[in-house]
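Note sheet for the following structure.
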């Protein structure tokens, strides 16, 4: 959807990438402006940390520049390629974090009762964030791609290197996990979620 | 929209940091770009798999063609590949050779015998071997030469006063056979000729029986045929009417009897004085 919008807005991705491949930094700037929001959204939802998300965006744009000559307009186009790069970079980071320390473990949700509506909204947001971060990495990636990015199951499966059936199974388990977690905190009734 | 979807909507990212896109592009643009990757030759590559097949096929075809051309040049014959002969004809140095090729008649070549020729074979025998029945004449001359050698040894023994029972028996049988043929009015060969035939037959029988194994199953068809040829006509017919198993058992028993008889004779015969 975003690809189509971008195409309508100006130069199409293939032409831009040809320019990037020939060393045109201005074309890279256009690509970066076009896809940074998407990349940042994926990275933040996957990692839950704005600084880490910025690093992922930076690394993805660097790959566009370095590997532009090898890019071909197949599959999901430039958007699909960047989505795959960002998802894999996030999964790599999560994998590395798992062996570093317990600093990256998400904070426990504040159990104290809320004083007013704003605090309640903030608590709800923190609870969802914590529930998302508590999901296994691939389940979180499946939710981010299909729910937030609006990618088709087939494309999401290709991005994660899975079959469509495997992705669907991953999605079902992710939604069940989220529902169980949020129900345990009283934000969701048992059995209403997935 | 389910309750979970409403909650998931709350999981929204913060706004993109100001200038992130510009900073990212500027940081990336200072790095060197990779050159276009050479297509990999993976077996299952979707877009490049056909190229490898074409290249391998082309290489195989060119190899076959060059091999055919080389074979035609070396052998001087025509290879059944039309292109190969055209290529050979196109080379000026080889054109004459290729066009002047004449189909040579095939001649059956006898494999040279590895056996050394008999030293005692006279030169005349070798010359006459090219006559009408060279093999038979040559063989006959060889046998006669061998018989003369054996006869010479027997004469030497007789001159020394030593017993020669085998030679005496063969001589007596030969004389008897000649006498019978003369009485019936049949043409009679010389005594030497008849003696030679009888002696050689006994030698062949002894050789054949020495090679008969103790196990009937180990006897070959060729050995059975050889044994049958040595038998007199009536006994040969009887022998051939038997089953292969019976033939082989009979051969084994016959060979055992011959060996026993020879052993007994050696025991009974007193050792010869030098």
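Residue numbers (this note's numbering), protein chains in the order written: chain S, -10 to 183; chain U, 880 to 1153.
For glycine and all other residues, C-beta sits at the position ideal for the given N, C-alpha and C.
Interface residue (Cβ-Cβ distance to chain U less than 7 Å): residue 56/S is classified as such. In this structure, residue 160/S sits away from residue 126/S, with a CB-CB distance that is not shorter than 7 Å.
Around the beta carbon of residue 1125/U, a 10 Å sphere encloses fewer than 16 other beta carbons of the protein chains shown; the residue is thus reported as exposed.
Taking the Cβ atoms as the reference, residue 55/S lies roughly 16 Å from residue 28/S, outside the contact range of under 8 Å.
Approximately 17 Å separates the beta-carbon atoms of residue 892/U and residue 68/S; this is outside 8 Å, ruling out the contact.
Legend: CB atoms of the stretch 896 to 914 of chain U lying less than 7 Å from CB atoms of chain S belong to residues 896, 899, 900, 901, 903, 904, 906, 907, 908, 910, 912, 913 and 914. Annotated three-state conformation of residue 1039/U is coil, per DSSP. One thing to note: residue 167/S has its Cβ within 7 Å of the Cβ of residue 120/S. Looking at 112/S, 38/S, 53/S and 33/S, the one whose alpha-carbon comes closest to that of residue 13/S is 53/S.
The alpha carbon of residue 1023/U has as its nearest neighbour, out of 903/U, 1070/U and 937/U, the alpha carbon of 1070/U. If you check the CB distance, residue 42/S and residue 74/S do not come in under 7 Å.
For residue 939/U, the closest Cβ of chain S is not nearer than 7 Å. Distance between residue 1050/U and residue 1028/U, taken at the CA atoms: about 16 Å. Using a C-beta cut-off of 8 Å, the stretch 1066 to 1080 of chain U makes no contact with the stretch 1111 to 1129 of chain U, since fewer than three inter-stretch Cβ pairs fall below that distance.
Listed in chain order, the non-local C-beta contacts of residue 1037/U below 7 Å within the same chain comprise 1043, local neighbours out to five positions each way being set aside.
Annotated three-state conformation of residue 38/S is coil, per DSSP. Selection 84/S, 11/S and 18/S evaluated against residue 903/U yields 18/S as nearest (Cα-Cα). For residue 56/S, the secondary structure class from DSSP, reduced to helix, strand or coil, is coil.
Burial is judged here by how many other beta carbons sit within 10 angstroms of a residue's own beta carbon; residue 909/U has fewer than 16 and is exposed. Taking a C-beta cut-off of 9 Å against chain U, the contacting residues of the stretch 113 to 128 of chain S are 113, 114, 116, 117, 118, 120 and 121, listed in chain order.
Counting every other CB atom within 10 Å of its CB across the protein chains shown gives residue 935/U a total below 16, marking it as exposed. Taking the Cα positions, residue 2/S is about 12 Å away from residue 10/S.
For the pair residue 1095/U and residue 1113/U, the Cα-to-Cα distance works out to about 23 Å. CA-to-CA, the gap between residue 135/S and residue 933/U works out to about 42 Å. In this chain, residue 1121/U is not harboured by any alpha helix (DSSP H), its DSSP state being neither H nor E. Under the 7 Å criterion on CB atoms, residue 934/U is classed as non-interfacial with respect to chain S. For residue 153/S, the enclosing alpha helix (DSSP H) covers residues 153 to 173. Across the structure, residue 946/U and residue 914/U are spaced so that their CA atoms are roughly 40 Å apart. Contact with chain S is found for residue 883/U, since one of that chain's Cβ atoms lies less than 7 Å from the residue's Cβ. Taking all protein chains shown into account, residue 4/S has fewer than 16 neighbouring C-beta atoms within 10 Å of its C-beta and is therefore exposed. Scanning chain U for C-beta atoms nearer than 8 Å to the C-beta of residue 141/S yields nothing, as the closest lies near 18 Å away.
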